[in-house]
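Chains as they are written, first to last, in the working numbering: chain W, 1 to 375; chain Y, 1001 to 1260; chain Z, 2001 to 2316; chain C, 3001 to 3300.
Here is the structure:
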């Protein structure tokens, strides 16, 4: 061990030199941690694209604090372990802030590492657990599951007056968290939950679980997971002749849900925030035009726009404080009040939570179009 | 304790209802060279497999120094001092000759379970003794020059010698040789005969299956002849050789042709 | 007296020892993971390459070690140092309990049984049994190593800890190979019937390999969880097990340099070629096939004949 | 009671898909003693090829039975060719190599196929048109059976019976069994072992292809990496039944499907895999070579 020490000292010196070199450089680095490949690739790529678009716009105007902004992306593939690896990597790259990730699980896995390194992080992850640590480095740019859950419970109990409710989720961090929140909110309103279950994403065959549910004769099946399984669940539900309503959480709102469910899609209810194309804000319309012009497509969903708002809030913090010190920037971000965002006004609570959220329920029509049935 | 080191009493072994060994009995004296002959497929190797625990016979008793060993696992049989060679040579082909012979030292090695992780002075002493023993055996079988060569790369005759050295390394009381001369040329067979006598002189009891009649007759002190799993004749070599039942059995089979 | 192999090993060790001086901390993190994965690959090699057991569930023991450290540290507040012993011992006990009933199975049957154990393990983690494992998210916020008030937080410290672990592993491997136990495993691997007939208990030595391999993998798992301060089920799934299995066979089973090369190819190269993200696994698969066709025993196959020099005097 | 029967229908449907895939594993294993880890990925490939053939050649919205049969035949033929190529390129050069080398080659081949599918068809889920089979549903005493399920059960049963007779009653089948028992002896008897292995790969891959198409038609959503899950389940089914044994693979597949449905329906969907593997391990502890597998004593 003692023999090791000279080496330790030497390599430590080299490291310190490297780190100080990157600090002194004339760029400000912003990290992107997103699922650029894998199951959620389209969302991850949208986040990466959006960040690069905003950064290009800033750099075109001369950067920030007199320095150019450089984007460093890391692909977390939507998995917690890869996220942990990305976190280490981005910290080592010396980024000031990290945008992402898309899934709550990958976000949470990286949180502690960023916190220890004093790096700001902003994510659209909706799990309530994301803010339990009260890390000063973390900001949520979307709305929490608990907000969606409260809306869902209100709709189920006050709106639809369901008597027998089934709640299903998959194993993902986001989905279990949303299901837990919905169950909690329903119980608070004395909703009668007759069954809570989990399905394994990607299994495709849900008939066994649905047959079991059929025997309970429910009024509604609520699914908090992703569209890839939700569409199949709906199709197999109709196939088995289960006459309950099907209500999908926000991640079921995807064109592929309709394709998977096929003829069974009609009559499905989906709960979500407004889709990008109906956002009423000028800044949103301008962003979408720019995005379309640069990438010749639309962002995958509103989630990538939420991340862009996170980035804009961080950059705004830098500009107003004229500081690169993350502590100072964070303090400024916590004080933001109704900062004009693409997805609406942005206000952060002390624990990093974004306040607000306007949910609505759509019913899928025969031609796969949406009809708003509840606000 | 009787004068017999190994007693086989009314042993029968079946495969899928077909009888492979049928009510076989024999007794081997300590220090003897005991021969087993018979046409191919007579059940000789099956008998050896029963003794060494690879098969468990359905009926009968196998007594080692008066104690029942039927159904004992092969590695425990080896620990008791019964070692064997194989008709189809079974060496650790990719490993060197010395390492092959070292496997025979396994049961004699006194290394403790933690010696696989950390070495102690006792380990070094034990390891050295065992390698030295391997060296002695390589000298004895004229194998020293091949010490580092993979056993599988060597000629048939040498491989047979390695197999015997390996079995002998375990310091057996009973050495079971399954066709030790098969595939050897005349010189090698002669050499083998000398070696077997030397092994006997060390006090090792030997049981062997062999088709080379000349060798069997010159070496063995007692012979049992098996056909269709049953004993058809037994006695001193001279007696067995002239027994009409035996002659009949051999003429009735294609035995000799196959071994040309 | 030094063989060519141990010369190369020494050069490599020296290079790895000074590696942190040449690279930035991002590469140092890759280096650390390489070291940790090599340790796991070596422990897989004890079971697969030495005892010849077709074991395709090794990520289970790796994960057990990682989760032991994570749970004891995060849920029960133990310091990391105190979790080291249990993260080695628990995998060993589990190896004994799990492998015991199936150790008599023949090759491919055992292979699928070990895959089964791995899948059950993942399901236990995902279902958050006793509320300890954190479900599909895993456990976050694992502490750093602290000793006498010093915080071993920097990547360089992590690197050297992993380096020392690899050193210990190599020391054990060398001792194993030079003992009755390592040899018994080889004999069983090459010919079970002949080995039994020499008095070697197949069951005992296969279990010995399993337990030793599990313990080393557990130590690596503990290191892994500290390195990333997070553990989650998918890091220990069957795909990971298959990777360790492949590392050993591509590199050369029972060959120390082979396993290191295998780890380098299967783990470091994909990191280097991240740019070609999408096509890299296609190329990778092709490389696996080609390697096996051109070098069926691995890139650097094991060489036997490592015997005391006094026995080599007559060798021509 | 009708819930129980419904679970049996569910279980048999998925079970016969497993059985079809398991046959591919078991036949290859029987002759080559090789776990063809790439087989599951062939199944996934088949679903993608089938989808492309269907939409490109026949165009979406066509429900004619002739077109569907043509898609099945054409896809099965393509996959059979891929299977034969797989054997030629990845396995034949390794026939005399250590057994595990071929296993690694198979794992590599699986990676190649899987990633080729990803590069060609993209990483996102692709969706089968819903009109391949009529959406007819029968309700018999509270049990729901769909047209697709009837097709899966019927065609699988037909294929398995045909295979059984082919193996047991034809000259080629006898040759296959001979090669499985002793390759060298079969060679001496004048059997062209390479040809037998080619036939095995054609049959195995084609059966897997049919399963892949049914998976697409039944579950609609297909992903490039789905082969792993179906492959593993089918492989487990083959091992359960006794790998190398053809009726064993059929039995194993159906048993696995039923067991899974029962566990999910009556105990817990969260622990279904755990129960499956516990069942497998218990079977192996008591019958080390599977339910119908024979213990082959090694020649000494």
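Even for Gly, the Cβ is constructed at its ideal location relative to N, Cα and C. Remember, predicted model here, so these are calculated numbers, not experimental data.
Please compile the residues from chain Z whose C-beta is within a distance smaller than 9 Å of the C-beta of residue 92 of chain W.
-> 2024, 2025, 2026, 2027, 2028, 2029, 2155
In or out: residue 256 of chain W buried (at least 16 other Cβ within 10 Å) or exposed?
-> buried
Taking residue 1109 of chain Y as the reference, which of Z:2008, Z:2255, Z:2223, Z:2184 has the closest Cα?
-> Z:2184
So is residue 3210 of chain C buried or exposed if we call it buried at 16+ other beta carbons inside 10 Å?
-> buried
Simplified DSSP assignment, three categories, for residue 3016 of chain C | helix
Three-state secondary structure assigned by DSSP to residue 1096 of chain Y = strand
For residue 3256 of chain C, verify whether its CB is less than 7 Å away from any heavy atom of the ligand NAD.
-> What this structure holds is no ligand at all, so the ligand NAD is not there to describe.
Using CA coordinates, which residue listed in Z:2021, Z:2224, Z:2208 is at the minimum distance from residue 82 of chain W?
-> Z:2224
Check whether the Cβ of residue 3265 of chain C lies closer than 8 Å to any Cβ atom in chain W.
-> yes
Are at least three pairs of beta-carbons, each pair with one atom in the region 3193-3210 of chain C and one in the region 3040-3049 of chain C, less than 8 Å apart?
-> yes
Proximal residues, the region 2115-2149 of chain Z versus chain W, C-beta separation under 7 Å = 2126, 2135, 2136, 2137, 2138, 2140, 2141
Can you list the residues of chain W that residue 3018 of chain C reaches, using a CB-CB cut of under 7 Å?
-> Simply none; closest approach about 11 Å.
Spell out a yes or no on whether the region 1164-1175 of chain Y and the region 1199-1213 of chain Y are touching, meaning 3 or more CB-CB pairs, one atom from each, closer than 8 Å.
-> yes
Going along the chain, which residues of its own chain have a beta-carbon closer than 6 Å to the beta-carbon of residue 327 of chain W, five neighbours each way excluded?
-> none
Could you tell me which chain C residues have their CB closer than 7 Å to the CB of residue 2242 of chain Z, listed as they occur along the chain?
-> 3107
Classification of residue 3 of chain W by the beta-carbon crowding that lies within 10 angstroms, buried from 16 upward | With a pLDDT of 38 at residue 3 of chain W, under the threshold of 50, the modelled position of this residue cannot be trusted; read the value that follows with caution. Exposed.
Which residues mark the beginning and the end of the beta strand (DSSP E) in which residue 2152 of chain Z is found?
-> 2150-2152
Can you grab the Cα-Cα spacing for the pair residue 376 of chain W / residue 252 of chain W, in whole Å?
-> Lying outside 1 to 375, the shown extent of chain W, residue 376 of chain W is not represented and no answer is given.
Per-residue DSSP class, three states only, for residue 2058 of chain Z = coil
Is any beta-carbon of chain Z found at less than 8 Å from that of residue 275 of chain W?
-> no
Taking just the CA atoms, how far does residue 100 of chain W sit from residue 338 of chain W?
-> 21 Å
Just mark residue 3013 of chain C as buried or exposed, buried being the case when its beta carbon has 16 or more other beta carbons within 10 Å.
-> buried
From what residue to what residue does the alpha helix (DSSP H) around residue 334 of chain W run?
-> 326-334
Got a sec: is the Cβ-Cβ distance from residue 164 of chain W to anything in chain C below 8 Å?
-> no
Name the chain W residues that come within less than 9 Å of residue 3139 of chain C, Cβ to Cβ?
-> 241
At a CB-CB cut-off below 7 Å, which residues of chain Y make contact with residue 2196 of chain Z?
-> 1074, 1075
Between the Cα of residue 1215 of chain Y and the Cα atoms of Y:1228, Y:1171, Y:1143, Y:1188, which residue gives the shortest distance?
-> Y:1188
Whole-angstrom Cβ separation of residue 3043 of chain C and residue 3058 of chain C, contact assumed at under 8 Å?
-> Contact doesn't hold; Cβ gap of about 22 Å is too wide.
Minimum Cβ-Cβ distance from residue 42 of chain W to chain Z less than 8 Å = no
State yes or no: is the beta carbon of residue 3134 of chain C nearer than 8 Å to at least one beta carbon in chain W?
-> no
Using the Cα positions of residue 293 of chain W and residue 309 of chain W, report the straight-line distance between them to the nearest angstrom.
-> 19 Å
Note the first and the last residue of the continuous alpha helix (DSSP H) segment covering residue 231 of chain W.
-> 227-239
Please say whether residue 3132 of chain C and residue 3068 of chain C have beta carbons closer to each other than 8 Å?
-> yes
Could you name the residues of chain Y that residue 2308 of chain Z contacts, counting a contact when the two beta carbons are closer than 7 Å?
-> 1131
Could you name the residues of chain W that residue 3006 of chain C contacts, counting a contact when the two beta carbons are closer than 7 Å?
-> 211
Any idea which residues DSSP pairs residue 1004 of chain Y with across the strands?
-> Y:1029
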